[in-house]
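Undergrad: For the sequence shown, counting from 1, position 93 maps to 93 in the UniProt record's numbering; every step adds exactly one. Quick one: the structure is below, and I'll ask about it shortly.
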Amino acid sequence: MGVPVIDMKNIDGGDREVIMAEIAKACESTGFFQLLNHGIEHELMDRVKKVCSEHYKLNREQSFNASLPVRLLSNALDSDNADKIENVDWEDVIQIHEMQETNSWPSQPSDFKYNYSTILCTIQTFL
1 MGVPVIDMKN IDGGDREVIM AEIAKACEST GFFQLLNHGI EHELMDRVKK
51 VCSEHYKLNR EQSFNASLPV RLLSNALDSD NADKIENVDW EDVIQIHEMQ
101 ETNSWPSQPS DFKYNYSTIL CTIQTFL
C-alpha cells in the first residue's frame, strides 16, 4: 500500500468536493497522505520543521533528566554510602497523556507557537 498523493491544484475550482473526499478517504484508510500544489511556502514548512525538531530535542532532554530512573541513579551516586553501580540499563519510555489544555504551547523554542500557528492558519485557508 502506497502513500496517497493528493493534488490541491484545483481546490478553489470545481474539484474542491473531489479533493476533500480524497483527503477524507486517505485519513480513513492510511491515516496520512502527501499533498501536491498546496501553496504553502517551503520556507514556512522548513521553519515549522526546525522548531518542532528543536522542541522535541529540548523536551526529550528535560523529560530524561526528570525521569525516575535518572533521579534514582543520581541520588544513589550522590549519596556518601553509594556502592558502585554497574551495568546500568537505560530504557526509552514513551508515555502519551491527554492534553489538559487545548491552547497549551511549548515555551521553547520561543518561535514555536508563531511558526506552527502560521502554518495552521495557512492550511485552514484552503480547507
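Backbone N, C-alpha and C fix where the C-beta goes; we use that ideal spot for every residue, glycine too.
#1: Grab the span of the alpha helix (DSSP H) containing Val18 for me, first residue to last.
#2: Thinking just about the alpha-carbon of each residue, which of Val51, Arg71, Pro4, Ile19 is nearest to the one in Lys113?
#3: Among residues of its own chain, excluding the 5 on either side of Lys9, which ones have a beta-carbon nearer than 7 Å to its beta-carbon?
#4: Rounded to whole angstroms, what's the CA-CA distance from Glu17 to Ile119? Just pull it up for me.
#5: Between which two residues does the beta strand (DSSP E) containing Gln108 stretch?
#6: Report all residues from its chain with a CB closer than 8 Å to the CB of Asp111; omit the five preceding and five following residues, and keep chain order.
#7: State the Cα-Cα distance for the pair Pro69 and Gly13, rounded to the nearest angstrom.
#8: Mark Asn115 as exposed unless 16 or more other C-beta atoms lie within 10 angstroms of its C-beta, in which case mark it buried.
#9: Within this structure, are the beta carbons of Ala26 and Phe33 separated by less than 8 Å?
#10: Taking a contact to mean a Cβ-Cβ separation below 8 Å, would you say His55 touches Pro109 in this structure?
#11: Just the C-alpha distance for Thr30 and Glu22, rounded to the nearest angstrom, thanks.
#12: Which value, in whole angstroms, describes the spacing of the CA atoms of Asp7 and Glu43?
#13: Confirm, please, whether the CB-CB distance from Thr122 to residue 128 is below 8 Å.
TA: Per the coordinate set shown:
#1: For the purposes of this step, residue 18 is taken as the residue at position 18 of the sequence shown. Taken as a continuous stretch (DSSP letters only), the alpha helix (DSSP H) holding Val18 covers 16–29.
#2: Counting from one through the sequence shown, the residue named residue 113 turns up at place 113. Taking only the C-alpha atoms, the option nearest Lys113 is Val51.
#3: Start at 1 with the first residue of the sequence shown, and residue 9 comes out as number 9. Here the set comprises Asn37.
#4: The residue you call residue 17 lines up with position 17 of the sequence shown. The residue you call residue 119 lines up with position 119 of the sequence shown. Rounded to the nearest angstrom, the two C-alpha atoms are 23 Å apart.
#5: Your numbering for residue 108 matches position 108 in the sequence shown. Segment: none, Gln108 is in no beta strand (DSSP E) and carries neither H nor E.
#6: Working through the sequence shown from its first residue, we reach residue 111 at position 111. Correct list, in chain order: Arg47, Val51.
#7: Mapped onto the sequence shown, residue 69 falls at position 69. Mapped onto the sequence shown, residue 13 falls at position 13. Cα to Cα, Pro69 sits roughly 56 Å from Gly13.
#8: Here residue 115 is taken as the residue at index 115 of the sequence shown, counted from 1. Label assigned to Asn115: buried.
#9: Indexing the sequence shown from 1 puts residue 26 at position 26. Indexing the sequence shown from 1 puts residue 33 at position 33. Yes, they are a contact pair.
#10: Translated into the one-based positions of the sequence shown, residue 55 becomes position 55. Translated into the one-based positions of the sequence shown, residue 109 becomes position 109. Cβ distance < 8 Å, so His55 and Pro109 count as in contact.
#11: As a working mapping, residue 30 is identified with position 30 in the sequence shown. As a working mapping, residue 22 is identified with position 22 in the sequence shown. So the two alpha carbons sit approximately 12 Å from each other.
#12: Position 7 of the sequence shown, counted from the start, is the residue given in the question as residue 7. Position 43 of the sequence shown, counted from the start, is the residue given in the question as residue 43. In a straight line, the C-alpha of Asp7 is about 20 Å away from that of Glu43.
#13: Only positions 1 to 127 of the chain appear in the structure, and residue 128 is not among them; the question remains open.
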